[in-house]
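Engineer: Handing you a structure now.
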Amino acid sequence: MQFPNLPKQTLVIALFFALPFGAISQTLAEKLGYSKEDKLLIIHGDDVGVAHSQNIATFEALKKGLVTSTSMMVPPAWSAEVGVLAKDFPDADIGIHITLTNEWENFNWPPKAGKSVVPGLSNEQGFMYPDCPPVTKNASPEEVEIEIRAQIKAANQMGIQPTHLDSHMGCIFYGRPEYMRSYLKIAQELKIPAMVNTQIMEGIIKPNQALFEGINLEKIPVINEIIMANPEDYEAGMEEFYTNKLENLKPGVHVLLVHLAFDDEEMNAVTAGHTTYHASWRQEDFNFFTSDQAKKLIQENNIKLITWKEIGKIL
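Heads up, this note's numbering is the position in the sequence shown plus 9, with the first residue counted as 1.
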């Protein structure tokens, strides 16, 4: 588009009106049809698929509580049950919790693509590594992309059409920047959001813009804040942590990550040997986000609960 022989001031005005109205400063909240002063929150149940206890608690919280979204870990065997449960809840907001690790001591799984296909994602026993640093050291970007696609394909075969992508233990975010490229590329191919907040955009994507050539960075719906309790918060009290976060939520779009399961024999066996994110922690998350107290906090603080599906509609 050309504006020959126009004065500079006139050119600026012309360029402004040539753009979609409000495109220069429109926030994600405004794109979703809210005001920039609204407080929007996705309450997101991580790790569905890792165990039967996790599955039942998460779907109960989706149906009866305040949880608006979840994402499934595909490599664990219990992921198949997610497809079964979803048949009775067709509107459930279910994404793929891209899983590159296997942190539990006595409950192990291999990469979905298979050890022979993605050897860099497998330890000597053929299982995924327990945390992110060995993944970063051993798994090539090509292997990570193959595994992401294998997990999505397997979820499709279980009847799940994912509403978004996110990352188990953050290995996509804290590994090689090339992992982020595959993450964003695949999300845009599927026309679904990939969870990215301001910190990830400013700290990983923008400093490596050349790496993301061909990916429309303007179309990434950037979340203001990702909120999750850490071990110190658990020790201080989960009710206090969540109450404080809800009472002090700022305008914008936020994701609150929780882990929902029952403090039962199965979940204690899965999380044996861990002092964090164990069965009792997950029971506390379930209790809080299915409670009248949490509902009251949401109402009193004028928080609007949304889903990844809503964000996907504006892409």
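Don't be surprised by glycine CBs; every beta carbon is placed ideally from N, CA and C.
Are residue 137 and residue 126 closer than 9 Å when you measure CB to CB?
Structural biologist: Their beta carbons are not under 9 Å apart, which means residue 137 does not touch residue 126 by this criterion.
Engineer: Which of the three DSSP states is assigned to residue 299 in this structure?
Structural biologist: The answer is coil: DSSP assigns residue 299 none of H, G, I, E or B.
Engineer: Measure the alpha-carbon distance for residue 109 versus residue 180 and round it to whole angstroms.
Structural biologist: About 7 Å.
Engineer: Determine contact between the segment 207-216 and the segment 78-93, defined as no fewer than three beta-carbon pairs at a distance below 8 Å.
Structural biologist: No, the segment 207-216 does not touch the segment 78-93.
Engineer: Which parts of the segment 46-122 are runs of the beta strand (DSSP E), unbroken and 3 residues or longer, counting only runs that do not cross its ends?
Structural biologist: The qualifying runs are 48-57, 78-81, 103-107.
Engineer: Using the beta-carbon count (16 or more within 10 Å), is residue 319 buried or exposed?
Structural biologist: Buried: at least 16 other Cβ atoms inside 10 Å.
Engineer: By how many angstroms is the C-alpha of residue 62 removed from the C-alpha of residue 293?
Structural biologist: So the alpha carbons of these two residues sit roughly 14 Å apart.
Engineer: Checking the sheet assignment: what are the DSSP bridge partners for residue 267?
Structural biologist: Answer is 54, bridged to residue 267.
Engineer: With 16 other CB atoms within 10 Å as the buried threshold, where does residue 244 fall?
Structural biologist: Residue 244 should be labelled exposed.
Engineer: How should residue 14 be labelled, buried or exposed, when 16 other C-beta atoms within 10 angstroms of its C-beta is the threshold for buried?
Structural biologist: For residue 14, the predicted structure reports a pLDDT of 46, less than 50, and the residue's modelled location is therefore unreliable. The matter cannot be settled from this model.
Engineer: What are the boundary residues of the alpha helix (DSSP H) that includes residue 37?
Structural biologist: Unbroken alpha helix (DSSP H) run through residue 37: 37-40.
Engineer: Quick check on DSSP: helix, strand or coil for residue 126?
Structural biologist: Three-state DSSP puts residue 126 in coil, outside helix and strand.
Engineer: Going by beta carbon distance, what residues of the same chain come within less than 7 Å of residue 94, once the five residues before and after it are set aside?
Structural biologist: Here the set comprises 64, 68.
Engineer: Pull up the distance between the alpha-carbon of residue 185 and that of residue 146, whole angstroms please.
Structural biologist: Distance between the alpha carbons of residue 185 and residue 146: 9 Å.
Engineer: Helix, strand or coil for residue 253, going by three-state DSSP, please let me know.
Structural biologist: Three-state result, residue 253: helix.
Engineer: Closer than 8 Å is the cut-off here; do at least three beta carbon pairs connect the segment 183-200 with the segment 115-130?
Structural biologist: Result no; under three Cβ-Cβ pairs closer than 8 Å.
Engineer: Would you identify the three-state DSSP class for residue 242, choosing helix, strand or coil?
Structural biologist: If DSSP states are grouped into helix, strand and coil, residue 242 belongs with the helices.
Engineer: Give a yes or no on whether the C-beta atoms belonging to residue 54 and residue 199 are separated by under 9 Å.
Structural biologist: No, they are not a contact pair.
Engineer: Given a threshold of 16 other Cβ atoms within 10 Å of its Cβ, counted over all protein chains shown, does residue 30 qualify as buried or as exposed?
Structural biologist: Caution applies to residue 30, whose pLDDT of 40 falls short of 50 and renders its modelled position unreliable; the model cannot decide the point.
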